[in-house]
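I have placed the structure first, in the form of structure tokens, so that the comments after it can refer back to it.
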Amino acid sequence: MKCRTEKLIAAAIIERDGKVLIAQRAKNDSLLGKWEFPGGKVEAGETLADCLKRELLEELGIQAEVGEHVCTSSFFYKDIQFDMCMFKVPSFQGEIKLNEHSAIAWVTPSELSNYDMPEPDLPVAALLQKNNIS
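Residue numbers 21 to 154, in our numbering, belong to the letters of the sequence shown in order.
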């Protein structure tokens, strides 16, 4: 699936034993301390899958297998539309390192509502809870 927007983000639903991984932002910005699905902005000439592999390697130090597209969450930030394209990551290699986050948590979909997440991540969390996707 291709997303059309001014800015694209590729983000991961990393699965293990019926739980998904969320990470707490450590960057000192408006989202400091929020819990998110890891990922980042697509760079020029990069596919969504390539972006997600790069971002997960940079942020968490893992080599990820990018699976199927699950959903897209669209939002505006400073009058720019972003599309956050979510992909399943059924497996990865390497040990998770906190390169850009202060913490990680493995949670069941029903536990996602216990975490303070940014607006773009909320529809994804709701979809996971509704469908118990993991």
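Where is the CB? At the ideal position from N, CA and C, for every residue including glycine.
Span of the alpha helix (DSSP H), counted from its first residue to its last, around residue i
i           : result
residue 144 : 142-151
Alpha carbon of residue i to alpha carbon of residue j, nearest angstrom
i           : j           : result
residue 146 : residue 134 : 12 Å
residue 28  : residue 65  : 12 Å
residue 122 : residue 95  : 25 Å
residue 56  : residue 71  : 17 Å
residue 90  : residue 76  : 17 Å
The beta strand (DSSP E) enclosing residue i, as first and last residue numbers
i          : result
residue 46 : From DSSP, residue 46 is part of no beta strand (DSSP E); its letter is neither H nor E.
residue 27 : 27-36
Local Cβ density within 10 Å of residue i, reported as buried at 16 or more and exposed below that
i          : result
residue 36 : exposed
residue 80 : buried
residue 53 : exposed
Contact check, residue i vs residue j, beta carbons under 9 Å
i           : j           : result
residue 143 : residue 102 : no
residue 109 : residue 32  : yes
> Residue ranges of each beta strand (DSSP E) run of no fewer than 3 residues wholly in the region 62-142, ordered along the chain?
Replying inline: 83-85, 89-97, 100-109, 111-113 and 121-127
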